[in-house]
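>
Residue numbers (the working numbering): 4 to 252.
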């Protein structure tokens, strides 16, 4: 009996533990997909279903981005000649649309894998043969919400701040604890305009009542005013979506 126990112990010690490579959780089988917003056609690489890693939601085009792009395509005059920074850009569908009209667009994300596909889509729309490509500045930067160092570096590269801060469906990517960091980043970017007007345009899709109230509470804490844009509340997929304008009080 003792001999059998020693044998089992020896087998356990020799058992090799196999760890899965990080790539096991990553789907990078991107498909070139066409999206249309008003008169604008956009082709970009994206996934049609999510990777198994919850942190890679940026590989998809989410309902909030469709809502925001629909709103922007109907209000292109406000984008003409402006500078824009987008938070949680994902594959870049909103930033690429803005680049058709804006002077400068800075797209940001925190995930390295998502930044890869974002940069690939920027290259796609920077090709000379792309008839939609204009000589406007379109770049990607890494930004983790709440990281003041990264925000300062972005502002150093792009002094004077931005006319608009954009965000679409960005609350689905993180836990509720990240909301204060997001709004802290927004406040820093709003204040960078040094008295000149800047707006945070947020396309929000409601998925949880607790999240609905948290964003309003957090904005209020940081002395931000959230205003629902008239006529934007609608059903996106099977969820209710709305566009907000957020400014400093």
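Positions of the beta carbon are idealized from the N, C-alpha and C atoms, including for glycine.
Got a sec, what are the start and stop residues for the beta strand (DSSP E) residue 256 sits in?
With the chain covering only 4 through 252, there is no way to say anything about residue 256.
> Could you check if residue 166 is buried or exposed, using at least 16 other CB atoms within 10 Å of its CB as the buried criterion?
Counting Cβ neighbours within 10 Å, residue 166 comes out buried, since at least 16 surround it.
> So residue 89 and residue 169 are in contact, right, with Cβ under 8 Å, and what is the actual spacing, rounded?
That belief holds up - the Cβ atoms of residue 89 and residue 169 are roughly 4 Å apart, short of 8 Å.
> Return the CA-CA distance between residue 83 and residue 104, expressed in angstroms with no decimal places.
Each residue's alpha carbon lies about 5 Å from the other.
> Please list, in chain order, all residues of the same chain as residue 119 whose beta carbon is under 7 Å from its beta carbon, the five residues on each side excluded.
Answer for residue 119: no residue qualifies.
> Closer than 8 Å by C-beta to residue 243: which residues in its own chain qualify, once you throw out the five before and the five after it? Chain order, please.
Taken in chain order, the residues that qualify are 208, 209, 236, 237.
> With H, G and I counted as helix, E and B as strand and the rest as coil, what does DSSP make of residue 77?
Of the three classes helix, strand and coil, the one that applies to residue 77 here is coil, per DSSP.
> Report, in whole angstroms, the separation of the C-beta atoms of residue 49 and residue 94, which I expect to be a contact under 8 Å.
That pair is a contact at about 4 Å.
> Measure the Cβ-Cβ separation of residue 147 and residue 186 and say whether it is below 7 Å.
No. Outside cutoff.
> I believe residue 116 touches residue 29 by the beta-carbon criterion, under 8 Å. Please report the beta-carbon distance rounded to the nearest angstrom.
Contact holds; Cβ gap of about 6 Å.
> DSSP on residue 165, reduced to helix/strand/coil?
If DSSP states are grouped into helix, strand and coil, residue 165 belongs with coil.
> Can you tell me whether DSSP reads residue 225 as helix, strand or coil?
Note: residue 225 maps to coil in three-state DSSP.
> Relative to the C-alpha of residue 251, which residue among 150, 143, 188, 72 is closest?
That would be 188, whose Cα lies nearest to the Cα of residue 251.
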